[in-house]
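These notes concern the structure reproduced below.
There are 2 protein chains.
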Amino acid sequence: MKFSRIPAAAITRLSRYTRALEELDSQNIKVISSEKLAEYCDVNSAQIRKDLAYFGEFGVRGVGYFIKELLFEIKRILGLHKEWNLAIIGMGNLGCALIAHSNFAKQGYRFVAAFDVDPDKIGRILPNGISISPLSELKKICLEKEVDIAVIATPAGKAQEVVNMVTEIPIRGILNFSPSQLHVPEGFVVHHIDFTVKLDRLAYRLSHLRPSDRPRGSDNPPWVSKHLL
Amino acid sequence: MKFSRIPAAAITRLSRYTRALEELDSQNIKVISSEKLAEYCDVNSAQIRKDLAYFGEFGVRGVGYFIKELLFEIKRILGLHKEWNLAIIGMGNLGCALIAHSNFAKQGYRFVAAFDVDPDKIGRILPNGISISPLSELKKICLEKEVDIAVIATPAGKAQEVVNMVTEIPIRGILNFSPSQLHVPEGFVVHHIDFTVKLDRLAYRLSHLRPSDRPRGSDNPPWVSKHLL
Numbered sequence: 347m348k349f350s351r352i353p354a355a356a357i358t359r360l361s362r363y364t365r366a367l368e369e370l371d372s373q374n375i376k377v378i379s380s381e382k383l384a385e386y387c388d389v390n391s392a393q394i395r396k397d398l399a400y401f402g403e404f405g406v407r408g409v410g411y412f413i414k415e416l417l418f419e420i421k422r423i424l425g426l427h428k429e430w431n432l433a434i435i436g437m438g439n440l441g442c443a444l445i446a447h448s449n450f451a452k453q454g455y456r457f458v459a460a461f462d463v464d465p466d467k468i469g470r471i472l473p474n475g476i477s478i479s480p481l482s483e484l485k486k487i488c489l490e491k492e493v494d495i496a497v498i499a500t501p502a503g504k505a506q507e508v509v510n511m512v513t514e515i516p517i518r519g520i521l522n523f524s525p526s527q528l529h530v531p532e533g534f535v536v537h538h539i540d541f542t543v544k545l546d547r548l549a550y551r552l553s554h555l556r557p558s559d560r561p562r563g564s565d566n567p568p569w570v571s572k573h574l575l
Numbered sequence: 347m348k349f350s351r352i353p354a355a356a357i358t359r360l361s362r363y364t365r366a367l368e369e370l371d372s373q374n375i376k377v378i379s380s381e382k383l384a385e386y387c388d389v390n391s392a393q394i395r396k397d398l399a400y401f402g403e404f405g406v407r408g409v410g411y412f413i414k415e416l417l418f419e420i421k422r423i424l425g426l427h428k429e430w431n432l433a434i435i436g437m438g439n440l441g442c443a444l445i446a447h448s449n450f451a452k453q454g455y456r457f458v459a460a461f462d463v464d465p466d467k468i469g470r471i472l473p474n475g476i477s478i479s480p481l482s483e484l485k486k487i488c489l490e491k492e493v494d495i496a497v498i499a500t501p502a503g504k505a506q507e508v509v510n511m512v513t514e515i516p517i518r519g520i521l522n523f524s525p526s527q528l529h530v531p532e533g534f535v536v537h538h539i540d541f542t543v544k545l546d547r548l549a550y551r552l553s554h555l556r557p558s559d560r561p562r563g564s565d566n567p568p569w570v571s572k573h574l575l
């Protein structure tokens, strides 16, 4: 199987499937048909089958998918059968919000180190029990704590400088929340979070709501999107 | 043209194309081939042509796309030829970080109102010049300021209550940063931001880096992703 040929969008859909399967599992549902799962994830069932087919055969014809089993397999594919250690750099509002957000821990991502340059912040204990360290100790602490992924939450002007330090360690995975484009050497993976891409989809949907789809209508087709990405 | 048939992923890619085109435009580049644009956006050129074909004919055979023109057209398609007024509810760390993030204004999204229930926060002036209002004035202020989209940055336990108030106004577009699933009546559009979906893609990429792709290699294929979503 050539992993490099698998489209990024398929990987993103696998993430969505895991969120849906986890929710179904928490409701104690054991088996689901690909049609029902597709409906739940807001894709078509052929898409689910195609995405899974990149990685092997799943599900039982005429029965569907065993939820716990499929969840286990997708998590293994995505590399989520292990915990990932995160270091966050930049403990302003965004950094603090990310540390406190419950989604990370729920999905197996653990903040094990936090850094800032502000002497007033250094030493402060965060809600998850770790304390803010000075950026000068980035390499030492990241090696000690076996950090896999660096989360960049610095102001735009500082992001590249920080990333240069990260790639020196080297930490190969970088999640960038700053609004700046980052340059990294080959062999590193950077993903950029741009909240406004999601807003563009919302703007598009709102721009093309037909008058009959508007609130206060009665038997309109549902335009309400699934809560999943 | 049936807007409802256009896949959500195509809309997300249009967003990515606008980010790329804006960057190229800022570099004063006038024309780009679909191959070059595809490379820039990390998709294949057939994909770009297919995505644009949903909406009409763009580009000149043998020449490529005129950047300003294509940017104008895609923004019109996405509904970004107008400014969108946002209200943010929940002025904790995340709310403050979002208000301060430069990407929103750059893409035509304007925070015109902010709400919280904490008496200590109410009345505080934010960096963009607006002040925090009490949640009890949500309807009045949102109607006055012609809010199009509500951004939910409350703790999980409060999100549904706030959304019920939002759908009463009614504001039809909701961007949800809280980690809770939201229920809305028909005719409303909710998009959920889950940072961890992007982390899953990063985890997948890191899990499947071949040893030869690792840092310190020399002539490895580039595994470095584009900065765009």
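Protein sequences, first through last, are from chains A and B.
Heads up: the first sequence begins at 347 in our numbering, then just goes up one per residue.
Heads up: the second sequence begins at 347 in our numbering, then just goes up one per residue.
Glycine residues also receive a C-beta, built at the ideal position from the N, C-alpha and C atoms.
Collapsed DSSP secondary structure at Phe523(A) in the structure displayed: In this structure, Phe523(A) counts as coil in the three-state DSSP scheme.
For Tyr363(A), the residue or residues it bridges with in DSSP: None; Tyr363(A) has no bridge partner.
To which residues of the same chain is Ala366(A) closer than 8 angstroms at the C-beta, ignoring the five residues directly before and after it? Once the five neighbours on either side are set aside, the close Cβ partners of Ala366(A) are Leu383, Tyr386, Cys387 and Leu574.
At the 8 angstroms Cβ level, is Asn566(A) part of the contact set with chain B, yes or no? With a pLDDT of 32 at Asn566(A), under the threshold of 50, the modelled position of this residue cannot be trusted; read the value that follows with caution. Any Cβ of chain B closer than 8 angstroms to the Cβ of Asn566(A) would place that residue at the interface, and such an atom is present.
Can you give me the C-alpha to C-alpha distance between Leu528(B) and Ala460(B), rounded to a whole angstrom? Those two C-alpha atoms are separated by around 20 angstroms.
In this structure, how does DSSP classify Ile434(B) when only helix, strand and coil are distinguished? In the structure shown, Ile434(B) sits in a strand (DSSP, three-state: E or B).
With Asp546(B) as the anchor, note down where its alpha helix (DSSP H) starts and where it stops. It spans Phe541 to Ser553 - the alpha helix (DSSP H) in which Asp546(B) sits, taken as one unbroken run.
Since Phe401(B) contacts Tyr411(B) with CB under 8 angstroms, what's their CB separation in whole angstroms? Under the criterion of beta carbons closer than 8 angstroms, Phe401(B) and Tyr411(B) do not qualify as touching, at roughly 13 angstroms.
Quick one: Cα of Lys504(A) to Cα of Asp540(A), how far? Going from the Cα of Lys504(A) to the Cα of Asp540(A) covers about 17 angstroms.
For Gly410(A), which three-state DSSP category applies? Here Gly410(A) carries a strand assignment [DSSP, helix/strand/coil].
Output yes or no for whether 8 angstroms exceeds the beta carbon distance between Thr364(A) and Lys421(A). In this structure, Thr364(A) lies near Lys421(A), with their beta-carbon atoms less than 8 angstroms apart.
List the residues that DSSP assigns as beta-bridge partners of Ile495(A). BP columns for Ile495(A) point to Leu432(A) and Gly519(A).
Looking at chain A, is there any beta carbon in it that lies within less than 8 angstroms of the beta carbon of Asn431(B)? No, its Cβ sits nowhere closer than 8 angstroms to a Cβ of chain A.
Just checking, does the segment 420-436 of chain A make contact with the segment 417-436 of chain B on the three C-beta pairs under 8 angstroms criterion? In the pairwise beta carbon analysis, the segment 420-436 of chain A is classified as not touching the segment 417-436 of chain B: fewer than three pairs are separated by under 8 angstroms.
Let me know if Gly408(B) comes out buried or exposed under the rule of 16 or more other beta-carbons within 10 Å of its beta-carbon. Classification of Gly408(B): exposed, given that the 10 Å Cβ count is below 16.
With DSSP collapsed to three states, give me the class of Val512(B). Val512(B) sits in a helix when the DSSP states are folded into three classes.
Can you check DSSP and say which residues form a bridge with Arg456(B)? Asn431(B), per the DSSP bridge assignment.
Own chain partners of Ile509(B) with C-beta closer than 7 angstroms, once the 5 adjacent residues on each side are dropped: With the sequence shown as reference, residue 509(B) is identified as Val, and Ile is not the correct amino acid for it. Answer for Val509(B): Ile498, Ile520, Leu528 and Val530, listed in chain order.
Any C-beta of chain A sitting closer than 8 angstroms to the C-beta of Ser361(B)? Output row for Ser361(B): interface = yes.
So what's Phe418(B) in DSSP terms, helix, strand or just coil? Assignment of Phe418(B) by DSSP, reduced to helix, strand and coil, places it in the helix class.
Ser477(B), enclosing beta strand (DSSP E) - first and last residue: Premise fails: Ser477(B) is in no beta strand (DSSP E) and is neither H nor E.
If you check the beta carbons only, do Ser372(B) and Asp546(A) fall under 8 angstroms apart? No, the Cβ-Cβ distance between Ser372(B) and Asp546(A) is not below 8 angstroms.
Tell me whether the beta-carbon of Leu472(A) lies closer than 8 angstroms to the beta-carbon of Ile445(A). The beta carbons of Leu472(A) and Ile445(A) sit closer together than 8 angstroms.
Beta carbon proximity, Thr500(A) to chain B, threshold 8 angstroms: At a cut-off of 8 angstroms between C-beta atoms, Thr500(A) does not count as an interface residue with respect to chain B.
According to a CB-to-CB cut-off of less than 8 angstroms, which residues of the segment 542-558 of chain A neighbour chain B? So the list reads Thr542, Val543, Lys544, Leu545, Asp546, Arg547, Leu548, Ala549, Tyr550, Arg551, Leu552, Ser553, His554 and Leu555, given in the order they occur along the chain.
Should Asp462(B) be labelled buried (16 or more other beta-carbon atoms within 10 Å of its own) or exposed? Burial call: buried.
Can Tyr550(A) and Ile357(B) be called in contact, C-beta distance under 8 angstroms? A Cβ-Cβ contact shorter than 8 angstroms links Tyr550(A) with Ile357(B).
Tell me, please, which residues DSSP counts as bridged to His537(A). Looking at the DSSP assignment, His537(A) forms a beta bridge with Leu521(A).
Interface residues of the segment 382-395 of chain B facing chain A [CB-CB below 8 angstroms]: Result list: Asp388.
Quick one: is Gln535(B) near chain A, going by C-beta distance under 8 angstroms? In the sequence on display, residue 535(B) carries Val and not Gln. Yes, Val535(B) counts as interfacial toward chain A.
Rounded to the nearest angstrom, what separates Leu484(B) and Val512(B) at their Cα positions? Spanning the two alpha carbons is a distance of roughly 8 angstroms.
Thinking C-alpha only, which one of Ile517(A), Leu548(A) and Ser553(A) is nearest Glu492(A)? When each option's Cα is compared against that of Glu492(A), the closest is Ile517(A).
I'd like to check one pair, Ser479(A) with Arg470(A): are the Cβ atoms closer than 8 angstroms? Arg470(A) places its beta carbon 8 angstroms or farther from that of Ser479(A).
Here's the rule: buried if 16 or more other CB atoms are within 10 angstroms of the residue's CB, otherwise exposed. What is Ser524(B)? Label assigned to Ser524(B): buried.
Tell me, please, which residues DSSP counts as bridged to Ile394(A). DSSP output for Ile394(A) lists no bridge partner at all.
Using a Cβ cut-off of 8 angstroms, pull out every chain B residue sitting near Gln373(A), in sequence order please. Correct list: empty, because the minimum Cβ distance to chain B is about 12 angstroms.
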